[in-house]
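A.B. asks: All the letters of the sequence shown, read from the start, carry residue numbers 2 to 99 under the numbering used here. The beta-carbon is built from N, C-alpha and C at its ideal position, and this holds for glycine as well.
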Amino acid sequence: MNCPFDFVLSLDFTIGNVTSLRQQIKDFEEESLPELENVLGCTTNDSLPNYLFVVGVGGNDIVFNYFLRKTYLTMDPQTFTKNLTVVLAQYIQILDFI
2 MNCPFDFVLS LDFTIGNVTS LRQQIKDFEE ESLPELENVL GCTTNDSLPN
52 YLFVVGVGGN DIVFNYFLRK TYLTMDPQTF TKNLTVVLAQ YIQILDFI
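Written as C-alpha cells, this is what we have:
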C-alpha cells in the first residue's frame, strides 16, 4: 500500500527496544500532527475530531513492568492492572488535549 505520509514514526520494531507511551505521544504531537496538517491542508483542530484513535496495551506492559521488574513480589496482578489502567487513563486525557 502506498501511503502519502508515514504514521510509523513512534513504532519501533527492534526486538527488545520499547518506546514508552509518553514518548509515543510526544512523537505524535511533534512529528505526526504537523505532517498530517501538511498533507490534509488544514489544522489538526479541524481534522482530528473526525478520527478514531486506538491505544493498544498488552504483552509488553505485563512482561516489562510486572515480571522483569519483579513487581509481582510486591503487588498482585489485580492491583497492577488497576494501577496500569489509572496511568493509561491519564495518558488518554493528555491525548484529548492535543
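For V64, which residues from the same chain have a beta carbon less than 7 angstroms from its beta carbon, with the 5 sequence-adjacent residues on both sides left out?
C.D. replies: On the sequence shown, residue 64 is found 63 positions in, with the first residue counted as 1. Result list for V64: empty, nothing under 7 angstroms.
A.B. asks: Say the cut is 6 angstroms; is the CB of T75 nearer than that to a heavy atom of the ligand FAD?
C.D. replies: Of the ligands one can find in the structure shown there are none, so the ligand FAD has no counterpart to examine.
A.B. asks: At what residues does the alpha helix (DSSP H) containing D28 begin and finish?
C.D. replies: On the sequence shown, residue 28 is found 27 positions in, with the first residue counted as 1. 22-28 is the extent of the alpha helix (DSSP H) around D28.
A.B. asks: Touch check for the region 46-57 and the region 78-96: three-plus C-beta pairs under 8 angstroms?
C.D. replies: The region 46-57 is in contact with the region 78-96.
A.B. asks: Here's the rule I'm using: 16 or more other beta-carbon atoms within 10 Å means buried, otherwise exposed. How should L69 be labelled?
C.D. replies: Translated into positions along the sequence shown, residue 69 becomes position 68. So L69 ends up on the exposed side.
A.B. asks: What span of residues does the alpha helix (DSSP H) with F98 cover, start to end?
C.D. replies: Here residue 98 refers to the residue found at position 97 when the sequence shown is read from its first residue. Start and end: 78-98.
A.B. asks: Look at E36 and T45 and say whether their C-beta atoms are less than 7 angstroms apart.
C.D. replies: Within the sequence shown, the letter at position 35 stands for residue 36. Within the sequence shown, the letter at position 44 stands for residue 45. No. Outside cutoff.
A.B. asks: Can you give the Cα-Cα distance for Y92 and S48, rounded to whole angstroms?
C.D. replies: Numbered from 1 along the sequence shown, position 91 holds the residue referred to as residue 92. Numbered from 1 along the sequence shown, position 47 holds the residue referred to as residue 48. Between Y92 and S48, the C-alpha separation is close to 21 angstroms.
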